[in-house]
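Visitor: The letter at position 25 of the sequence shown is residue 24 when you use numbering that gives the first Met the number 0, and the numbering goes up by one with no holes.
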Amino acid sequence: MSRIGRQPIDIPSGVQVKVDNSEVFVEGPKGSLSRGILEGIVVDVRESSVVVTRESDSRNHRSLHGLTRTLISNMVLGVSEGYQKTLDIVGVGYRVQQSGDGVTVNVGYSHPVEVNPVEGITLEVEGNNRIHVKGIDKQLVGEIAAQIKKIRKPNVYTGKGIRYLDEQVRLKPGKSAARAR
Numbered sequence: 000m001s002r003i004g005r006q007p008i009d010i011p012s013g014v015q016v017k018v019d020n021s022e023v024f025v026e027g028p029k030g031s032l033s034r035g036i037l038e039g040i041v042v043d044v045r046e047s048s049v050v051v052t053r054e055s056d057s058r059n060h061r062s063l064h065g066l067t068r069t070l071i072s073n074m075v076l077g078v079s080e081g082y083q084k085t086l087d088i089v090g091v092g093y094r095v096q097q098s099g100d101g102v103t104v105n106v107g108y109s110h111p112v113e114v115n116p117v118e119g120i121t122l123e124v125e126g127n128n129r130i131h132v133k134g135i136d137k138q139l140v141g142e143i144a145a146q147i148k149k150i151r152k153p154n155v156y157t158g159k160g161i162r163y164l165d166e167q168v169r170l171k172p173g174k175s176a177a178r179a180r
């Protein structure tokens, strides 16, 4: 049995988990999420936990067992606590401003770049060089943060650009270091 898949998911107070047909519904104080259950996977809701099992020991079912358990666990955590990714903008003259629900990013292009959040995502600006991407869907928060980072990836020589808060950018030596050999 999958080591991750066999662990039960604890349901915190204030969160409800329902299984209907081949879909899991999770409701909590921050919102509600739903996800389809793949064929061959059985989700059983007990008093204060959710247990995921598989129908057979086939290769396909084994691979989906731990995945399904982790996805449901992420849903439970998302509706109870939520997810957040923080992006730092590094560079002289690079800045970000709140504009309505979205943000306007100035990162060295001839025009400011507008970023509008999708439903379920909030963008908050701290100072003029930090963006917080918040939401209840872990995958969606990560996708939006990656799209914002993609606007101006960190330069490998100077380190200027948009990066995650705790990301370490390894800088390459410039021409002078190569010429000194």
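No residue lacks a Cβ here, since even glycine has one placed at the ideal position from N, Cα and C.
Given a cut-off of 8 Å, decide if G160 and R151 are closer than it, judged by their beta-carbon atoms.
Guide: Counted from its first residue, the sequence shown places residue 151 at position 152. Counted from its first residue, the sequence shown places residue 160 at position 161. Yes. Within cutoff.
Visitor: Which residues in the same chain as K29 place their Cβ atom closer than 8 Å to its Cβ, once the five residues preceding and following it in sequence are excluded?
Guide: On the sequence shown, position 30 is the one that residue 29 refers to. Excluding positions up to five away in sequence, the list reads G77, V78, S79, E80, G81, I135.
Visitor: Going by DSSP, what residues sit across from T103 in a beta bridge?
Guide: As a working note, residue 103 is residue 104 in the sequence shown. According to DSSP, T103 bridges with Q96, E113.
Visitor: Any contact of the stretch 62-72 with the stretch 4-24, i.e. 3+ C-beta pairs under 8 Å?
Guide: The stretch 62-72 is in contact with the stretch 4-24.
Visitor: Going by Cα to Cα distance, which pick from L86, H60, V155, K174 is closest to K148?
Guide: Working through the sequence shown from its first residue, we reach residue 148 at position 149. Among L86, H60, V155, K174, the Cα nearest to that of K148 belongs to L86.
Visitor: Under the three-state reduction of DSSP, which class applies to Q6: helix, strand or coil?
Guide: Working through the sequence shown from its first residue, we reach residue 6 at position 7. It is coil, neither helix nor strand.
Visitor: So, with DSSP's three-state summary, where would you put L139?
Guide: The residue given as residue 139 occupies position 140 in the sequence shown. The answer is helix: DSSP assigns L139 an H, G or I state.
Visitor: Helix or strand or just coil, what does DSSP make of R169?
Guide: What you label residue 169 is simply residue 170 of the sequence shown in a count that begins at 1. Coil, per DSSP.
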